[in-house]
Ligand code: ZN
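Laid out in structure tokens, this is it:
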């Protein structure tokens, strides 16, 4: 994560370029054994906050990539709200992150691949369309979707392979 700090302040020309950086942050999660999701906040084409999914390493169930990126950006710009900024995330946000996005007043969310079970932008729910919300967020999905889902697929297949190896390596149960 430390060398990823250099992403902060970088200029991004468009959504694709920003998502390439979010993918780097996703890979950092995988290296720590967490589901690979990466996020960043962009203000006026400049990266102002980064986050990797890290609930296990931080012992923090709220440490999803989006929340980490929002916290990082708010601290850096010195504002508890991030109006007009764009949040990029490799995977469709969950309900917790969707709530954080609305509270942060982020203007636009761009995600990569859908998350059929827990995603609330278009999969399990259409959270951002809810009438009770006092803030409207523009949502764009499917940016570099293949690359973003590929990182997830690779992580889960490696984890399954690792579990199989552990099973084979464990000694037979004692009969006593
Ligand atoms: Zn989340």
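Numbering (my numbering), first residue to last: 91 to 266. Glycine is no exception: its CB is placed at the ideal position from the N, C-alpha and C atoms. Please read all numbers here as calculations on a predicted model, not as lab measurements.
Residue i - partner residues in DSSP beta bridges
i: residue 176; result: 132 and 198
i: residue 142; result: 128
i: residue 203; result: 181
i: residue 101; result: 136
Where residue i falls, given that 16 or more other Cβ within 10 Å makes a residue buried
i: residue 202; result: buried
i: residue 209; result: buried
i: residue 165; result: exposed
i: residue 230; result: exposed
i: residue 121; result: exposed
i: residue 183; result: buried
i: residue 152; result: exposed
Unbroken alpha helix (DSSP H) run spanning residue i, endpoints
i: residue 241; result: 235–259
i: residue 107; result: 105–121
i: residue 164; result: 155–167
Proximity winner among the options, relative to residue i (alpha-carbon distances)
i: residue 157; options: 104, 167, 133 and 189; result: 189
i: residue 107; options: 227, 184, 137 and 166; result: 137
i: residue 134; options: 232, 223 and 176; result: 176
i: residue 242; options: 94, 96, 104 and 115; result: 115
i: residue 194; options: 212, 211 and 173; result: 173
i: residue 222; options: 198, 192, 253 and 113; result: 192
Enclosing beta strand (DSSP E) for residue i [first to last residue]
i: residue 228; result: 228–230
Is the number of C-beta pairs between the region 229–241 and the region 195–215 that are closer than 8 Å three or more? Output reads yes: the region 195–215 touches the region 229–241.
May I ask you to verify whether the region 120–129 touches the region 96–105, counting CB pairs closer than 8 Å and requiring at least 3? Contact fails: fewer than three Cβ-Cβ distances are below 8 Å.
Given 8 Å, three or more beta-carbon pairs between the region 156–171 and the region 132–148: When C-beta atoms of the region 156–171 are compared with those of the region 132–148, three or more pairs fall below 8 Å, so the two segments count as touching.
Quick check: the region 213–226 against the region 245–252, are there 3 or more CB pairs under 8 Å? Short answer: they don't touch.
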